[in-house]
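>
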Amino acid sequence: MTVLAWHSLHDLNLFKSSIRQQPSDIKQQQWTTRIYISLVALALVILTLYGILSVETKLIEVTKPSLGTVQQLQSQVSLVSSLQCPCTQLTVPYEKLVQLQPFYHQICSSDFLSDRWINSLYNVMKAIMSLNSASVSTLDFSQTQSVFGLLKAICNLCNETITNSLQTFTQTQLVGAQLLTADQFENQMLSNINQFKLETANGMLHFLQVMRNITHVNQILTGASTNFFMGITGSPNYNASLSIAYYDNSNDTSSDICSCANDSSCKTNWGVFLNTSAYTPAYSVPGFYLGCFPVESLLQSTLECFYDNQDCLTIMYKLYNVSSFNNFTRLNSSSDASRFTIHSTIGSIFEEMFIESWKESTNYSSYFAQCQPASCSYKAVRRDSLLETITRIIGLIGGLFVSLRILVPFLVMVCARIIRSRMSWHQQIMIESTSPQSRPVTIGTKILDWFKKLNVFDDTESMVSIEQQYPATRVYLLLLVIASLILILYTSLTYNTNTIIIASPSREQYQQLQQRYGLDAVPTASLNNNRISVESIVHEQRLSIDQNQHLNLNPNFLNPPNVSSVTVDSKSLPTVLTLRTRFFALIRRHLKALVGFALCMLVAAAIIIPSVYLTQQEHNQVAQTVYSQAKTTVATLNSFLQQARALQAPLPTRASLLVEPRQSAWIRARQQAQTSSSGSKRLTTNFITSCFDKKLLVKPCKNLTFASAVSYSFVSNLNSIAAGDLDGDGRPDLLVPIYTKSAVSVLLGTSNGSFGSQKMFPTDSGPMWAAVVYDNDRGRIDLAVINNLANTMSILYGYNSGSFRSQAILSTGFSPRAIVVGDFNEDGRLDLVVANANSANVGVFLRTDSGNFASQTTYPSVASPYSIAVGDFNGDGHLDFVVVGFYWAIMSVLLGTGNGSFGLPTILSTGSVGWSIATGDFNGDGRLDIAIAYFSSASVGVLLGTGNGSFGLPKTFSTGRSPQFVTVGDVDGDGRLDLIVPNSSGMAVSVLLGIGNGSFKSQMTFSTGSGSSPYWLVVADFDADGRLDFAVSDSSIEAGSILSALGHGSDKTDDCAPPGAPRGRYLPTRRKEEDKIQATF
0 MTVLAWHSLH DLNLFKSSIR QQPSDIKQQQ WTTRIYISLV ALALVILTLY
50 GILSVETKLI EVTKPSLGTV QQLQSQVSLV SSLQCPCTQL TVPYEKLVQL
100 QPFYHQICSS DFLSDRWINS LYNVMKAIMS LNSASVSTLD FSQTQSVFGL
150 LKAICNLCNE TITNSLQTFT QTQLVGAQLL TADQFENQML SNINQFKLET
200 ANGMLHFLQV MRNITHVNQI LTGASTNFFM GITGSPNYNA SLSIAYYDNS
250 NDTSSDICSC ANDSSCKTNW GVFLNTSAYT PAYSVPGFYL GCFPVESLLQ
300 STLECFYDNQ DCLTIMYKLY NVSSFNNFTR LNSSSDASRF TIHSTIGSIF
350 EEMFIESWKE STNYSSYFAQ CQPASCSYKA VRRDSLLETI TRIIGLIGGL
400 FVSLRILVPF LVMVCARIIR SRMSWHQQIM IESTSPQSRP VTIGTKILDW
450 FKKLNVFDDT ESMVSIEQQY PATRVYLLLL VIASLILILY TSLTYNTNTI
500 IIASPSREQY QQLQQRYGLD AVPTASLNNN RISVESIVHE QRLSIDQNQH
550 LNLNPNFLNP PNVSSVTVDS KSLPTVLTLR TRFFALIRRH LKALVGFALC
600 MLVAAAIIIP SVYLTQQEHN QVAQTVYSQA KTTVATLNSF LQQARALQAP
650 LPTRASLLVE PRQSAWIRAR QQAQTSSSGS KRLTTNFITS CFDKKLLVKP
700 CKNLTFASAV SYSFVSNLNS IAAGDLDGDG RPDLLVPIYT KSAVSVLLGT
750 SNGSFGSQKM FPTDSGPMWA AVVYDNDRGR IDLAVINNLA NTMSILYGYN
800 SGSFRSQAIL STGFSPRAIV VGDFNEDGRL DLVVANANSA NVGVFLRTDS
850 GNFASQTTYP SVASPYSIAV GDFNGDGHLD FVVVGFYWAI MSVLLGTGNG
900 SFGLPTILST GSVGWSIATG DFNGDGRLDI AIAYFSSASV GVLLGTGNGS
950 FGLPKTFSTG RSPQFVTVGD VDGDGRLDLI VPNSSGMAVS VLLGIGNGSF
1000 KSQMTFSTGS GSSPYWLVVA DFDADGRLDF AVSDSSIEAG SILSALGHGS
1050 DKTDDCAPPG APRGRYLPTR RKEEDKIQAT F
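All residue numbers for the sequence shown refer to numbering that gives the first Met the number 0, where the first residue is 0 and numbers rise by one.
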């Protein structure tokens, strides 16, 4: 059988030919068959091994996956690295993901912070006083009422701080384009929670430390006399002496005498002193101390006396023997009740913000529901099965057979002829005799002859004739060549995406890959980061941030012996202040800590928040929205500018220029998309005028003089005054806050420029500044008054008759100092901005649809902000404001966004300390400039605007002494803005006429009388004669004056002197015995 099979294979001929049947041809055909079969078998083996051993990566997509499906995919380690589930909602608030609940130390809810405990201590003190002739030792435990009150306040402060911080934390957004895995989500949330805890505690501790150092350095005297001694000697001519207290630390580890002058940690134990003459207590309370300051002594004390395993309270109960001082629930000393030991100091407990533990929980299912992935995709790596391999081989075997059937005979024929040529000497002689030039022709001829004789369909049993097989072969080969070319072109022009995984790549490898393949091919998101927690990242290895400190905070400046003290010039402050270098050093140290802490939080937040990927469609949607808003804004702005240019265009008489003194008449464009009856929308522009409905036309004049003043008496000190049409009769009225009477006075104007009797309307305590606020929606004139003592703002809603309803009170910051009006969210309603001097910020109050004002939104500003001015300083069509303070020669510029919010402040130099600021276009370039009153240098500075929110260097112009206020108006009617400055120590008002190029003429002074102190000034046409008048408050005599710029009454004259009045003089009438405002006509 084997022999038969061998002979069958030996004689097998798959390439029989009806033409070539010679023995040599048949032998060649048999060798061709054997080679053909061998190559086919080899090819099949290679294809089989390749199909079985090759690995294929497939991208699998799951639409609308459930939480269970995603968690199942995440549980497979091989799929986690490639699993991607894009979120349809990119931001999720923490309140839907995290639950945080603090549990506080038991002392905060114990009987020892209750009113019953504090009252019992008071009863003990009364009992001791009854025994010792109304005397109690300052070291007796009954004097600790304030200490426990302070401890209660600290507990409440920690609780309030954590509650507020939690509210802010829960509103923080988790940003991500891809669904996090459960482990990643858990790690990131825990990292954020730990960061929140650290940030909250450190912020409180840094603030407390700064306040402690400031308190100690300034040597503030305590109300309990714990850090000073007052001695009275020398009867009957008594002499009083004050000395710093000291404490004997002999009960501590040292026996030194500790003085509160240089160590705020001095302390001694509280005790029970039943006899005030005794120096040694009947019982010394363990771990509870009295020190220089209540806070210092409290933080060093422990609560060991108040635990249930101590007999301290029992001893004091017996010694005091007061019935009410008994039966208080003591603290639980069990280790399960607290993580703090009974010997832990209150300071160490405060460092943890009195928190025993946190109840933390994260909700991945809620996160998944908020993320709402529409689909998930992952890459699966697998090998083909045997069946798939066989199917692939069957698909390839036909082409393989055909290719080998053509190529093998040709190769065998070539090899056979080469062998024959080697074996045939005659043939070799012929080849050698052939010239080299004819060899290519000979070879080409042979190939052509072979091609003509080529017949792939040659078969002895074929029914097709030879003549038909030759053309069929040629057509077959042509089609084969065309198909091969098509496949080659398709393969060369198409791209395949191959995913290449590099384990543990270095930074150099990553950069090389990005340079070679681009950022799109090697995105940051493709990195499989094993470090999810922020805590595991050392920020200083990635980021270096340096802060430039003020000269006074430079270590070289503060180190002795360079400087021992810093003295502030008395010209810049009312009194001479000596600031110790030690104080600066303490501030520098804690400012560095605060800045470093803030920078750390900033870096942490930047690393926690993942990058957000927006699709092209989302980009297009955002761009389309912005483009639509921009078109509407530009159209409205162009309409407004056209009307403004019409008002600014020079007229023949130059007597019709619109004047807006101190921005009292706000004109703002309001966009309204109104729908007509046909359903089409049209754009309308409404104008809002807060004070005066008619335009003020100033008549030109050359000789600027004022008539004598008319006095209006008041009963209290005056600060600021304001003007506005409060009763709707078209005449300006006066609004005067009365500081000591907690009221605002209204004086209604008459047709001849005089004022009627004043009407008083109650406010909160200490009203200082006021503004008129027009309610455009209701056609109502309201008042806003800021109350310096009460830290509030009173809103008095008007009846448009000069009368107002009872006040509505809104909270401001500490010591509000100034108020201005403007439409900051561009909704057609006037809003308010208040300078909070002692809070170092400004508060923005937006008017709501109901006509009321929302609570303030604060923005940081310069220290002790004192004056605010509003305007569009960067030319973007949105109102901005600038703030100056009276301590530093700087100002803050806050650029508005148009939605009622403002950006971070830009700090610019003012050249000198400014007390008041006003705005106007002083050089006619269409950009707002500012004028600042320099109190200490008797001048006013003008800073020209650049149009991008910044200003040039100040150019100063001399005024009278101590200018506290500056305002703007066209006093002489020449179309150029002038400056009006009351000089509080110069007993005069300075008028600086504008030239129109940003410069001003030398001042013209108008006396306000001997001994006067003009403080505040408003500009308006009180007598309706077309010329600006002044109303001035006189702070020295608690009065004010109205100075009237009157003419002869003829439209043909350019003389501004009143009839019969001497020119160049102003003679006001004043009565020192009364508080008054004066007016002259």
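We put the CB at the ideal spot given by N, CA and C, even for glycine.
Give the straight-line distance between the Cα atoms of K378 and Q75, rounded to the nearest whole angstrom.
Taking the straight line joining both Cα atoms gives about 12 Å.
> Roughly how many whole angstroms lie between the Cα atoms of G752 and F168?
Going by the C-alpha atoms only, they are around 58 Å apart.
> Apart from the five residues just before and just after V54, which ones in its own chain have a Cβ nearer than 8 Å to its Cβ?
The residues are V380, R381 and R382.
> Assign R960 to one of three DSSP states: helix, strand, or coil.
Here R960 sits in coil by DSSP.
> For G821, list the residues DSSP reports as bridge partners.
Answer is D830.
> Taking buried to mean at least 16 other C-beta atoms within 10 Å of its own C-beta, is L650 buried or exposed?
Confidence in L650 is poor, its pLDDT being 33 and thus under 50, which makes the residue's placement too unreliable to answer from.
> What would DSSP say about N751, mapped onto helix, strand or coil?
The answer is coil: DSSP assigns N751 none of H, G, I, E or B.
> Classify L3 as helix, strand or coil using the three-state DSSP reduction.
If DSSP states are grouped into helix, strand and coil, L3 belongs with the helices.
> By DSSP, does C304 sit in helix, in strand, or in coil?
Residue state, collapsed to three classes: helix.
> Let me know if R975 comes out buried or exposed under the rule of 16 or more other beta-carbons within 10 Å of its beta-carbon.
Buried: at least 16 other Cβ atoms inside 10 Å.
> Around the C-beta of D114, are 16 or more other C-beta atoms found within 10 angstroms, so that it is buried, or is it exposed?
D114 comes out exposed.
> What is the residue span of the beta strand (DSSP E) that K358 lies within?
Note, K358: beta strand (DSSP E), I354 to T361.
> When DSSP builds the beta bridges, which residues end up paired with P101?
Looking at the DSSP assignment, P101 forms a beta bridge with W357.
> If the criterion is Cβ atoms closer than 8 Å, does the pair P736 and V784 meet it?
In this structure, V784 lies closer than 8 Å to P736 by Cβ.
> Taking the alpha-carbon of M1003 as reference, which of G959, F964 and D973 has the nearest alpha-carbon?
Cα-wise, what sits closest to M1003 is G959.
> My guess is that S989 and S1012 are in contact by the Cβ rule of under 8 Å, so how many angstroms apart are they, rounded?
Incorrect: roughly 14 Å between the Cβ atoms, too far for contact.
> For the alpha helix (DSSP H) that V79 lies in, which residues bound it at each end?
Taken as a continuous stretch (DSSP letters only), the alpha helix (DSSP H) holding V79 covers V76 to V79.
> Would you mind listing the beta strand (DSSP E) stretches within the region 896 to 945 that are 3+ residues and don't spill past its ends, in chain order?
Correct list: 905 to 908, 913 to 919, 928 to 933 and 938 to 942.
> Cβ atoms of G286 and C265: under 8 Å apart, would you say?
Against a cut-off of 8 Å, the Cβ pair of G286 and C265 comes out as no contact.
> Considering only their Cβ atoms, is the gap separating V407 from L48 smaller than 8 Å?
Taking 8 Å as the Cβ cut-off, L48 and V407 do not qualify as a contacting pair.
> Around the C-beta of G50, are 16 or more other C-beta atoms found within 10 angstroms, so that it is buried, or is it exposed?
Buried, by the Cβ-count rule.
> Out of F400, T749 and V912, point me to the one whose CA is closest to A42's CA.
Ranking the options by Cα distance to A42, first place goes to F400.
> Starting from the C-beta of N873, find all residues in its chain whose C-beta is less than 8 Å away, skip the five residues before and the five after it, and write them out in chain order.
Same-chain partners within the cutoff: D879, L894, G946, N947 and G948.
> Any idea what DSSP makes of F184, helix, strand or coil?
Three-state DSSP puts F184 in a helix.
> Would you kindly check if the distance between the Cβ of I314 and the Cβ of Y282 is under 8 Å?
Closer than 8 Å, so yes.
> Can you tell me the Cα-Cα spacing of Q28 and L395, whole angstroms?
Approximately 25 Å, taken between the alpha carbons.
> Using the beta-carbon count (16 or more within 10 Å), is Y489 buried or exposed?
Burial call: exposed.
> Is there contact between the region 173 to 192 and the region 74 to 90, where contact requires at least three CB pairs shorter than 8 Å?
Flag = yes, the region 173 to 192 and the region 74 to 90 touch.
> Under the assumption that P280 contacts F272 (Cβ atoms under 8 Å), give the Cβ distance between them as a whole number of angstroms.
Confirmed, Cβ separation roughly 5 Å.
> At the level of alpha carbons, what is the spacing between F754 and S741?
Distance between the alpha carbons of F754 and S741: 22 Å.
> Determine the burial state of D848: buried for a count of at least 16 other Cβ atoms within 10 Å of its Cβ, exposed for fewer.
Exposed, because fewer than 16 other Cβ atoms sit within 10 Å of the Cβ of D848.
> Please report the distance separating the alpha-carbon of I354 from that of L907.
Using only the alpha carbons, I get a separation of about 43 Å.
> Check each candidate in Y796, Y773 and S802 and name the one with the smallest Cα separation from S756.
Per the Cα distances, S802.
> Please look up how many angstroms separate the CB atoms of G225 and G290, rounded, as I've assumed it's under 8 Å.
The sequence as given places Thr at residue 225; Gly does not occur at that position. The pair is a contact, with the Cβ atoms about 7 Å apart (cut-off 8 Å).
> Would you mind stating whether G765 and L788 have Cβ atoms separated by less than 8 Å?
Against a cut-off of 8 Å, the Cβ pair of L788 and G765 comes out as a contact.
> According to DSSP, simplified to helix, strand and coil, what is T674?
Confidence is the limiting factor: at T674 the pLDDT is only 33, short of 50, which leaves the residue's position unreliable, though a coordinate-based value still follows. Three-state DSSP puts T674 in a strand.
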